[in-house]
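Below you'll find the structure, written out as structure tokens, and then a few comments.
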Amino acid sequence: MGRIRKADETISREVDSGIAELIPDPDVPRAWMLRLNGTPQSHVDLDDPGHLEFEYLRRLGHVADLVAPGSEPIRALHLGGGALTLPRYIAVTRPRSSQQVVEIDAALVDLVRGVLPLDRNWRLRIRNGDARAVLEKAPEAAFDLVVTDVFAGSRTPAHLTSVEFVALASRALRGGGVYAANIGDGGKLAFARAQAATVRAVFPHVCVLAEPAVFKGRRFGNFVLVGSHVELPVAALTRLTAGDPFPGRVEHDDSLIRFIGGAPATTDATATQSPAPPKGTWGLPDD
2 MGRIRKADET
12 ISREVDSGIA
22 ELIPDPDVPR
32 AWMLRLNGTP
42 QSHVDLDDPG
52 HLEFEYLRRL
62 GHVADLVAPG
72 SEPIRALHLG
82 GGALTLPRYI
92 AVTRPRSSQQ
102 VVEIDAALVD
112 LVRGVLPLDR
122 NWRLRIRNGD
132 ARAVLEKAPE
142 AAFDLVVTDV
152 FAGSRTPAHL
162 TSVEFVALAS
172 RALRGGGVYA
182 ANIGDGGKLA
192 FARAQAATVR
202 AVFPHVCVLA
212 EPAVFKGRRF
222 GNFVLVGSHV
232 ELPVAALTRL
242 TAGDPFPGRV
252 EHDDSLIRFI
262 GGAPATTDAT
272 ATQSPAPPKG
282 TWGLPDD
């Protein structure tokens, strides 16, 4: 059972990375949004962990849905924890899945586990540490799915954006495994194009999911990058993404090459953190 609270009660705590807030959903009795330093990070419905409220998490959920047939259990590594929304989703949609979550903010993990408890029957392990440092020590060919969803505030750290980093994820995946990453960009999309080129430098099969307006740089938003050493289920991803409440598009093959537009892959030597979202984006204050 989740923590009983008043309908209008927001829980605010100082954590290792700043101020975390758990904000009750006014429309759903046991649902919460996690906001970290003013940036919305996750949404969890304790009564329905299979519900994904945020669009980028819906896209990651589509990827997880297609990693293996039906509800077959998978082995998943999540780099970045937040409120553990995607691990909860996989736990209920693919029972008996074995999952490991890496989260650098130990105090945030304590807060989330205290207010938004996990089912003790889930095979879910949470490890405190830097995502890349843990990935470097991950066993070879151990996972069916590796997800990178790490934000320091509202930006992806530079050391998680390079070919060398993606190669570590590739090493941790079994032969038919899938890598997925959530990033943010807008405007000329230099960062997103370079990140697509980076994933493509490691994996022969790559696609990118986002809303059409985000692809065109008309507004700042989320891109989900997907890579594998085997052919991706692009048709199914396209159908699922198009059916979202905010329909998305999937770029792959020639359309992906056009999107990249000659942008070079990012290396450790050239890596930078993702651009800061404009004020007013993702619920950030305008002032």
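The numbering of the sequence shown is the working numbering, which starts it at 2 and goes up by one. Using N, Cα and C, we set each Cβ at its ideal position, and we do this for glycine too. None of the values given here were measured: they were computed from a predicted structure.
Quick one: any contact between the segment 58-70 and the segment 234-249, if contact means 3 or more CB pairs under 8 Å? yes
Return the residue from the list E252, R128, G83 that minimises the CA-CA distance to E212. E252
Ignore the nearest five residues each way along the sequence and tell me which others in V135's own chain have a CB closer than 7 Å to its CB. V103, R128
Beta-carbon separation of R95 and A143 under 9 Å? no
Based on Cα-Cα distance, which residue from A173, V116, T162, R126 lies nearest to K138? A173
Three-state secondary structure (DSSP) of A277: Secondary structure at A277: coil, using DSSP grouped into helix, strand and coil.
Tell me the residue span of the beta strand (DSSP E) that contains P88. Where P88 is concerned, there is no enclosing beta strand (DSSP E), although the alpha helix (DSSP H) it sits in stretches over 86-94.
Using the three-state DSSP reduction, which class does D120 fall into: helix, strand or coil? coil
With H, G and I counted as helix, E and B as strand and the rest as coil, what does DSSP make of R133? helix
Rounded Cβ spacing between A21 and L109 (contact assumed at less than 8 Å): Going by Cβ atoms, the distance from A21 to L109 rounds to 6 Å, so yes, they are a contact pair.
Tell me the start and end of each unbroken beta strand (DSSP E) in the segment 147-206 that is at least 3 residues and wholly inside, in chain order. 174-186
Going by CA-CA distance only, name the one from P41, V29, M34, V179 that's closest to V68. V179
Based on DSSP bridge pairs, tell me the residues matched to S43. L35
Does the structure place the segment 247-267 close enough to the segment 186-197 that three or more beta carbon pairs sit under 8 Å? yes
Excluding the 5 residues preceding and the 5 following E232 in the sequence, name in chain order all residues of the same chain whose CB lies nearer than 7 Å to its CB. H206
From R97 to S229, what does the alpha carbon distance come to, in whole angstroms? The straight-line gap from Cα to Cα measures roughly 23 Å.
Please report the straight-line C-alpha distance between D28 and V203, rounded to a whole angstrom. 43 Å
Which residues in the same chain as A270 place their Cβ atom closer than 7 Å to its Cβ, once the five residues preceding and following it in sequence are excluded? none
Let's see if you can read the secondary structure: which residues bound the alpha helix (DSSP H) around A243? 235-243
Could you spell out the range, first to last residue, of the beta strand (DSSP E) harbouring V251? Counting along the chain, the beta strand (DSSP E) containing V251 begins and ends at 250-253.
Element boundaries [beta strand (DSSP E), containing H79]: 76-80
Between the alpha carbons of P74 and F216, how many angstroms are there, rounded? 33 Å
Going by alpha carbons, who is nearest to L146 out of S171, A272, H160, A132? S171
Considering Cα atoms alone, identify which of A195, V227, T86 is closest to T273. A195
What does the Cβ neighbour count give for G177, buried or exposed, with the cut at 16 atoms within 10 Å? exposed
Residue nearest to V148 in terms of C-alpha spacing, selected from A181, S163, D131, E165: In terms of Cα proximity to V148, the closest of A181, S163, D131, E165 is A181.
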